[in-house]
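Contents: one structure, followed by commentary.
Numbering (my numbering), first residue to last: -19 to 283.
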């Protein structure tokens, strides 16, 4: 069993950050600890762990994770676009605490499976997420997303009666970005999906990360951006630990949940088609009992 640290290495950078903003630092450490439990740090080198210890957990940031070893961080999508080298075609969004560690740990599992780099989008953790946890953890997040979805539907019905002049000239692409911008990871994902010249082979999400994918798809659907949705239908989509209800046009979604996943079950429509992994819970950390072994599932399903 891989030794399980209680926290990421405490660097001079950490000490400086803690002195400047102790509340934010404590929250970041808490989220890192949560993601160590959910995802583990298997496959991450000591050098990579030190690099992640300095990361700020900014939602919408992107880590390009190579198979085996090697990380590159991009603060936002424009910086990611401008990077030289071969374009990345596989993307992921981790859930849990929304930390950089979680984003990289999930992306590394996928990168090792596919034998190619995976771009992990950082979900981030905000005051809204903290409120959602108080409301009931993952279920609170789902309630928030459902509320936003209903809000958008109601707004569209009202605008059909009395259009908003500020949005009359707004394109579906811009409207989709407006919908998704309420969550950084979803906003980043929408912009990636809307790039007509970008090749995307797969997008995977776990827990809150899967909900970010669902939120992005809803944004595209609500905006009427059918051109992007047609491209999305050619992408392999994977939801782990939560069963999503997506627009009917999306038929290319694989969903998997652990048999003992109470967190995901509260947040899911169990009537949706899915794979059930016997003896597994919500976490992907194979150093702990009842883990959902993602690598084994992908091999078994030839995904």
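Quick reminder that beta carbons are idealized off the backbone N, C-alpha and C, glycines included.
Boundaries of the alpha helix (DSSP H) in which residue i is found, first to last residue
i, result
"residue 93", "80 to 94"
"residue 193", "188 to 203"
"residue 248", "First-last for residue 248: undefined, no H or E at that position."
"residue 46", "Element bounds for residue 46: n/a, residue is neither H nor E."
"residue 291", "Nothing can be reported for residue 291: it is not among the residues displayed for the chain, which extend from -19 to 283."
"residue 26", "26 to 33"
"residue 58", "57 to 61"
"residue 281", "274 to 281"
"residue 168", "164 to 173"
When the options are compared against residue i, the one with the closest alpha-carbon
i, options, result
"residue 43", "191, 257, 90 and 197", "90"
"residue 221", "246, 215 and 204", "246"
"residue 204", "223, 92, 82 and 229", "229"
"residue 274", "25, 169 and 185", "185"
"residue 282", "49, 251, 216 and 196", "216"
"residue 102", "71, 13 and 208", "71"
"residue 256", "264, 277, 265 and 48", "277"
"residue 219", "82, 60 and 234", "234"
"residue 253", "195, 224 and 92", "224"
"residue 174", "189, 206 and 272", "206"
"residue 93", "47, 25, 21 and 17", "47"
"residue 78", "240, 95 and 166", "166"
"residue 17", "272, 280 and 263", "263"
"residue 270", "251, 56, 249 and 240", "240"
"residue 181", "211, 196 and 202", "211"
"residue 188", "31, 86, 63 and 25", "86"
"residue 248", "232, 194, 10 and 96", "194"
Limits of the unbroken beta strand (DSSP E) element including residue i
i, result
"residue 98", "98 to 101"
"residue 234", "233 to 238"
"residue 212", "Not the beta strand (DSSP E): residue 212 falls in the alpha helix (DSSP H), residues 206 to 212."
"residue 70", "70 to 73"
"residue 285", "Outside the displayed span of the chain (-19 to 283) sits residue 285, for which this structure offers no information."
"residue 51", "51 to 54"
"residue 255", "255 to 257"
C-beta contact flag for residue i and residue j at 7 Å
i, j, result
"residue 65", "residue 84", "no"
"residue 170", "residue 199", "yes"
"residue 73", "residue 192", "yes"
"residue 179", "residue 69", "yes"
"residue 15", "residue 82", "yes"
"residue 39", "residue 164", "yes"
"residue 260", "residue 238", "yes"
"residue 41", "residue 28", "no"
Distance between beta carbons of residue j and residue i, contact taken as under 8 Å
i, j, result
"residue 265", "residue 53", "About 23 Å separates the two Cβ atoms, so there is no contact after all."
"residue 80", "residue 50", "The Cβ separation is near 15 Å, so there is no contact."
"residue 13", "residue 88", "Not confirmed; about 18 Å, so no contact."
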